[in-house]
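Please read the structure below before turning to the comments.
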Amino acid sequence: MERFFERLMYASRWIMAPIYLGLSLVLIALAVKFFQQVFHLVPTLWEMKEVDLILVTLTLVDLALVGGLIVMVMFSGYENFVSKLDIDEEDEKLAWLGQLDSNSLKNKVSASIVAISSIHLLKVFMNLSYYDIDKIQWYVVIHLTFVVSAFAMGYLDKLTKH
0 MERFFERLMY ASRWIMAPIY LGLSLVLIAL AVKFFQQVFH LVPTLWEMKE VDLILVTLTL
60 VDLALVGGLI VMVMFSGYEN FVSKLDIDEE DEKLAWLGQL DSNSLKNKVS ASIVAISSIH
120 LLKVFMNLSY YDIDKIQWYV VIHLTFVVSA FAMGYLDKLT KH
(Lines of atoms letter the chains of each structure in order from A and count residues from 1; the text may use other names and numbers.)
(Lines give C-alpha, C1' and ligand atoms only; values in the text may rest on other atoms or scores of the structure.)
Protein backbone atom coordinates (compact mmCIF):
# COMPACT_ATOMS: atom_id res chain seq x y z
CA MET A 1 0.00 0.00 0.00
CA GLU A 2 2.80 2.42 0.91
CA ARG A 3 4.64 1.71 -2.35
CA PHE A 4 1.45 2.29 -4.37
CA PHE A 5 0.82 5.59 -2.56
CA GLU A 6 4.39 6.76 -3.14
CA ARG A 7 4.26 5.88 -6.85
CA LEU A 8 0.93 7.64 -7.24
CA MET A 9 2.23 10.71 -5.44
CA TYR A 10 5.40 10.73 -7.58
CA ALA A 11 3.37 10.36 -10.79
CA SER A 12 1.16 13.29 -9.78
CA ARG A 13 4.01 15.64 -10.71
CA TRP A 14 2.74 15.30 -14.30
CA ILE A 15 -0.27 17.39 -13.30
CA MET A 16 2.12 20.36 -13.54
CA ALA A 17 2.99 19.63 -17.20
CA PRO A 18 -0.21 21.17 -18.66
CA ILE A 19 0.31 24.22 -16.45
CA TYR A 20 3.78 24.77 -17.92
CA LEU A 21 2.32 24.21 -21.40
CA GLY A 22 -0.36 26.78 -20.56
CA LEU A 23 2.39 29.32 -19.89
CA SER A 24 3.33 29.02 -23.56
CA LEU A 25 -0.19 30.28 -24.38
CA VAL A 26 0.43 33.28 -22.14
CA LEU A 27 3.68 33.79 -24.04
CA ILE A 28 1.71 33.90 -27.29
CA ALA A 29 -0.66 36.47 -25.75
CA LEU A 30 2.35 38.61 -24.73
CA ALA A 31 3.74 38.41 -28.26
CA VAL A 32 0.39 39.55 -29.66
CA LYS A 33 0.33 42.51 -27.25
CA PHE A 34 3.96 43.33 -28.07
CA PHE A 35 3.32 43.53 -31.80
CA GLN A 36 0.03 45.34 -31.23
CA GLN A 37 2.05 48.05 -29.47
CA VAL A 38 4.59 48.14 -32.34
CA PHE A 39 1.85 48.42 -34.99
CA HIS A 40 0.23 51.28 -33.04
CA LEU A 41 3.61 52.99 -32.77
CA VAL A 42 4.56 52.98 -36.45
CA PRO A 43 1.85 55.28 -37.89
CA THR A 44 2.20 57.84 -35.08
CA LEU A 45 6.00 57.79 -34.82
CA TRP A 46 6.61 61.10 -36.65
CA GLU A 47 4.12 63.06 -34.54
CA MET A 48 5.02 61.39 -31.27
CA LYS A 49 6.83 63.23 -28.48
CA GLU A 50 10.09 61.75 -27.21
CA VAL A 51 8.56 61.06 -23.81
CA ASP A 52 5.74 59.07 -25.40
CA LEU A 53 8.22 57.08 -27.49
CA ILE A 54 10.22 56.29 -24.37
CA LEU A 55 7.04 55.16 -22.59
CA VAL A 56 6.12 52.84 -25.46
CA THR A 57 9.69 51.53 -25.53
CA LEU A 58 9.56 50.86 -21.79
CA THR A 59 6.29 48.99 -22.28
CA LEU A 60 7.94 46.84 -24.98
CA VAL A 61 10.94 46.16 -22.74
CA ASP A 62 8.54 45.30 -19.92
CA LEU A 63 6.72 42.79 -22.14
CA ALA A 64 10.04 41.28 -23.23
CA LEU A 65 11.16 40.87 -19.60
CA VAL A 66 7.87 39.22 -18.65
CA GLY A 67 8.23 36.92 -21.67
CA GLY A 68 11.73 35.93 -20.61
CA LEU A 69 10.46 35.31 -17.09
CA ILE A 70 7.73 33.03 -18.45
CA VAL A 71 10.26 31.06 -20.54
CA MET A 72 12.54 30.68 -17.53
CA VAL A 73 9.73 29.51 -15.25
CA MET A 74 8.25 27.25 -17.90
CA PHE A 75 11.45 25.36 -18.76
CA SER A 76 13.11 25.38 -15.33
CA GLY A 77 9.90 24.47 -13.56
CA TYR A 78 9.28 21.59 -15.94
CA GLU A 79 12.84 20.31 -15.52
CA ASN A 80 12.85 20.73 -11.73
CA PHE A 81 9.42 19.37 -10.96
CA VAL A 82 8.21 17.18 -13.85
CA SER A 83 10.85 15.64 -16.10
CA LYS A 84 14.20 16.33 -17.71
CA LEU A 85 13.93 17.85 -21.17
CA ASP A 86 15.35 15.51 -23.79
CA ILE A 87 16.86 17.84 -26.35
CA ASP A 88 19.00 16.40 -29.12
CA GLU A 89 22.59 17.59 -29.37
CA GLU A 90 22.01 19.01 -32.85
CA ASP A 91 19.15 21.17 -31.55
CA GLU A 92 19.95 24.58 -30.13
CA LYS A 93 20.00 24.25 -26.34
CA LEU A 94 19.67 27.15 -23.94
CA ALA A 95 22.90 27.54 -21.93
CA TRP A 96 21.14 27.74 -18.55
CA LEU A 97 18.82 24.78 -19.19
CA GLY A 98 19.27 22.10 -16.55
CA GLN A 99 21.36 24.39 -14.35
CA LEU A 100 18.65 26.23 -12.43
CA ASP A 101 17.54 24.50 -9.26
CA SER A 102 14.47 25.73 -7.42
CA ASN A 103 16.49 28.19 -5.27
CA SER A 104 18.29 29.79 -8.19
CA LEU A 105 15.00 29.89 -10.10
CA LYS A 106 13.39 31.77 -7.20
CA ASN A 107 16.30 34.23 -7.18
CA LYS A 108 16.07 34.79 -10.93
CA VAL A 109 12.30 35.24 -10.73
CA SER A 110 12.65 37.77 -7.90
CA ALA A 111 15.38 39.65 -9.82
CA SER A 112 13.10 39.73 -12.87
CA ILE A 113 10.23 41.05 -10.76
CA VAL A 114 12.49 43.82 -9.47
CA ALA A 115 13.49 44.70 -13.04
CA ILE A 116 9.85 44.73 -14.20
CA SER A 117 8.86 46.81 -11.18
CA SER A 118 11.73 49.23 -11.92
CA ILE A 119 10.48 49.76 -15.45
CA HIS A 120 6.95 50.31 -14.21
CA LEU A 121 8.19 52.80 -11.63
CA LEU A 122 10.20 54.62 -14.31
CA LYS A 123 7.04 54.87 -16.42
CA VAL A 124 5.22 56.36 -13.43
CA PHE A 125 8.04 58.88 -12.87
CA MET A 126 7.87 59.92 -16.52
CA ASN A 127 4.12 60.62 -16.11
CA LEU A 128 4.11 62.25 -12.68
CA SER A 129 1.31 64.64 -13.62
CA TYR A 130 -1.11 61.71 -14.05
CA TYR A 131 -0.59 60.29 -10.55
CA ASP A 132 -1.47 61.41 -7.04
CA ILE A 133 1.44 61.68 -4.63
CA ASP A 134 -0.09 58.95 -2.43
CA LYS A 135 -0.20 56.54 -5.35
CA ILE A 136 3.42 57.34 -6.28
CA GLN A 137 4.51 56.70 -2.71
CA TRP A 138 2.76 53.33 -2.76
CA TYR A 139 4.50 52.42 -6.03
CA VAL A 140 7.85 53.27 -4.43
CA VAL A 141 7.05 51.31 -1.26
CA ILE A 142 5.94 48.27 -3.26
CA HIS A 143 9.04 48.45 -5.45
CA LEU A 144 11.31 48.72 -2.40
CA THR A 145 9.50 45.72 -0.91
CA PHE A 146 10.37 43.73 -4.05
CA VAL A 147 14.00 44.89 -3.84
CA VAL A 148 14.35 44.01 -0.15
CA SER A 149 12.64 40.64 -0.68
CA ALA A 150 14.93 39.77 -3.61
CA PHE A 151 17.98 40.80 -1.62
CA ALA A 152 16.85 38.78 1.43
CA MET A 153 16.17 35.68 -0.67
CA GLY A 154 19.58 35.97 -2.34
CA TYR A 155 21.31 36.48 0.99
CA LEU A 156 19.51 33.52 2.60
CA ASP A 157 20.41 31.36 -0.41
CA LYS A 158 24.05 32.39 0.00
CA LEU A 159 23.95 31.55 3.73
CA THR A 160 22.45 28.11 3.16
CA LYS A 161 25.06 27.21 0.49
CA HIS A 162 27.96 27.76 2.91
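Note that numbering that gives the first Met the number 0 gives residue 43 to position 44 of the sequence shown, counting from 1, and the numbers run on in steps of one.
The beta carbon of each residue, even a glycine, is placed where N, CA and C say it ideally should be.
Endpoints, alpha helix (DSSP H) assigned at E49: E49 to F80
Would you mind sorting V65 into buried or exposed? The rule is 16 or more other CB atoms within 10 Å of its CB. buried
Report whether the distance from the Cβ of L54 to the nearest heavy atom of the ligand MG is below 7 Å. Absence of the ligand MG from the depicted structure is noted, as is the absence of any ligand whatsoever, leaving it without description.
Relative to the C-alpha of I18, which candidate in I69, D61, V37 and K48 has its C-alpha closest? I69
Could you check what DSSP says for E46 in three-state terms: helix, strand or coil? In the three-state reduction of the DSSP assignment, E46 falls in the coil class, being assigned neither a helical nor a strand state.
Please classify E241: does DSSP put it in a helix, a strand, or coil? Here the chain has residues from 0 to 161 only, and residue 241 is not among them.
Determine the contact status of L84 and E78, defining contact as a CB-CB distance below 8 Å. yes
From the DSSP output, in three-state form, read off K105 for me. Helix, per DSSP.
Helix, strand or coil at I86 [DSSP, three-state]: coil
Less than 8 Å separating the beta-carbons of V50 and L40? no
Taking only the alpha-carbon atoms, compute the straight-line gap between V72 and V146 and give it to the nearest angstrom. 20 Å
Looking at F33 and T62, is the spacing between their C-beta atoms short of 8 Å? As written in the sequence, residue 62 is Leu, which differs from the Thr given in the question. Yes, the pair counts as a contact, with Cβ atoms nearer than the cut-off.
Euclidean distance between Cα positions of D131 and V25: For the pair D131 and V25, the Cα-to-Cα distance works out to about 32 Å.
Straight-line gap, F80 to L7 (C-alpha atoms, nearest Å): 15 Å
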